[in-house]
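These notes concern the structure reproduced below.
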Amino acid sequence: MTLTTKTPAEALFIADNVALDFINTEHQEADSLVDCLTDDSSVVAWLKQAGQLPQDFNQVPEGLFDQAQAFRNEAKQVVLAAMHGARPELSALNRVLESGRPVREIEWNGGNGKFNIVRRLRSNTPMSLLEPIAESLAKLLISDKFDLVRQCEAPDCILFFHDLTKSHRRRWCSMSTCGNRMKVAAFRSRKKQD
Numbered sequence: 021m022t023l024t025t026k027t028p029a030e031a032l033f034i035a036d037n038v039a040l041d042f043i044n045t046e047h048q049e050a051d052s053l054v055d056c057l058t059d060d061s062s063v064v065a066w067l068k069q070a071g072q073l074p075q076d077f078n079q080v081p082e083g084l085f086d087q088a089q090a091f092r093n094e095a096k097q098v099v100l101a102a103m104h105g106a107r108p109e110l111s112a113l114n115r116v117l118e119s120g121r122p123v124r125e126i127e128w129n130g131g132n133g134k135f136n137i138v139r140r141l142r143s144n145t146p147m148s149l150l151e152p153i154a155e156s157l158a159k160l161l162i163s164d165k166f167d168l169v170r171q172c173e174a175p176d177c178i179l180f181f182h183d184l185t186k187s188h189r190r191r192w193c194s195m196s197t198c199g200n201r202m203k204v205a206a207f208r209s210r211k212k213q214d
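Residue 21 is where the sequence shown starts when you use my numbering, and the numbers rise one by one after that.
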């Protein structure tokens, strides 16, 4: 299997959960493993695209890529273990939650005459930038809907998603890609048997 890279603009946002979308920044296309995170800047671009950083954020902390890759791999292992009812290794998740914890402040919004709670980065370290992903994963793990986390049923797909459909019968990461391919393959298989 070869490794190719894509830009964060080509990242997939199909999981209905930002932590799962972060894990999905590494995915498979045909016989290639595709990574949307290629350097520190691409991680910042993905975080902006995911709505986890303001669009005007322009600082790129050195080492963010390495920490993001390591955290992504560890987060994937946590999800897989939890999906199988096994005890996951949580030290990396807890480390990001602790080191990256944000500052929350209350502000007055003169425009609407109400108070708002504003979340700010404690610092611009890699851990601070990754903390919203860790928080999303932690909330997903304790959610009573964690059992709705699925891995795509297509044999050549490694993507995760949170099945929030009404019937909870979603089988594929995306109906327009894997779902369509699997239905066409099933149709062709039935036609061959006839």
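Virtual Cβ for every residue (Gly too), placed ideally from N, Cα, C.
Treat the numbers as computed from the prediction; the structure is a model and nothing was measured.
Would you call the CB atoms of Leu53 and Val64 closer than 9 Å?
For the purposes of this step, residue 53 is taken as residue 33 along the sequence shown, with counting starting at 1. For the purposes of this step, residue 64 is taken as residue 44 along the sequence shown, with counting starting at 1. No, these two residues do not count as a Cβ contact at 9 Å.
Using C-beta distances below 8 Å, list every residue in its chain close to Asp41, excluding the 5 sequence neighbours before and after it, in chain order.
Numbered from its first residue, the sequence shown carries residue 41 at position 21. Cβ within range, chain order: Ala31, Leu32, Phe33, Ile34, Ala35 and Ala70.
Going by alpha carbons, who is nearest to Gln97 out of Gly130, Ser143 and Glu109?
Position 77 of the sequence shown holds residue 97. Minimum Cα distance to Gln97 is reached at Glu109.
At least 3 beta-carbon pairs within less than 8 Å: the region 119-130 vs the region 142-152:
Flag = yes, the region 119-130 and the region 142-152 touch.
Give me whichever residues DSSP pairs with Gln171 in a beta bridge.
Here residue 171 refers to the residue found at position 151 of the sequence shown. Phe180.
For Glu49, which residues does DSSP report across the bridge?
If you number the sequence shown from 1, residue 49 lands on position 29. The partner list for Glu49 (beta bridge, DSSP) reads Ser52.
Does the distance from the C-beta atom of Ser163 to that of Val38 stay below 9 Å?
Reading the sequence shown from its first residue, position 143 is the one you call residue 163. Reading the sequence shown from its first residue, position 18 is the one you call residue 38. No, these two residues do not count as a Cβ contact at 9 Å.
Does DSSP put Phe42 in a helix, in a strand, or in coil?
As a first step, residue 42 is located in the sequence shown; it is residue number 22 there, counting from the start. In the structure shown, Phe42 sits in a helix (DSSP, three-state: H, G or I).
I need the straight-line Cα distance from Arg191 to Ala95, nearest angstrom please.
Along the sequence shown, one-based indexing puts residue 191 at 171. Along the sequence shown, one-based indexing puts residue 95 at 75. Looking at the two C-alpha atoms, the distance is approximately 22 Å.
With a Cβ-Cβ cutoff of 9 Å, do Phe91 and Thr58 count as a contact?
Position 71 of the sequence shown, counted from the start, is the residue given in the question as residue 91. Position 38 of the sequence shown, counted from the start, is the residue given in the question as residue 58. No. Outside cutoff.
Less than 6 Å between C-beta atoms, sequence neighbours within five positions excluded: which residues of the same chain meet that for Asn129?
Walking along the sequence shown from the start, residue 129 turns up at place 109. Answer for Asn129: Asn136, listed in chain order.
Ile153, buried or exposed, once every other Cβ within 10 Å from all chains shown has been counted against 16:
Translated into the one-based positions of the sequence shown, residue 153 becomes position 133. It is buried - the Cβ of Ile153 has at least 16 other Cβ atoms within 10 Å.
Is it right to say Ala88 is buried, meaning 16 or more other beta carbons lie within 10 angstroms of its own, or is it exposed?
For the purposes of this step, residue 88 is taken as the residue at position 68 of the sequence shown. The residue in question, Ala88, is buried, as its Cβ has 16 or more Cβ neighbours within 10 Å.
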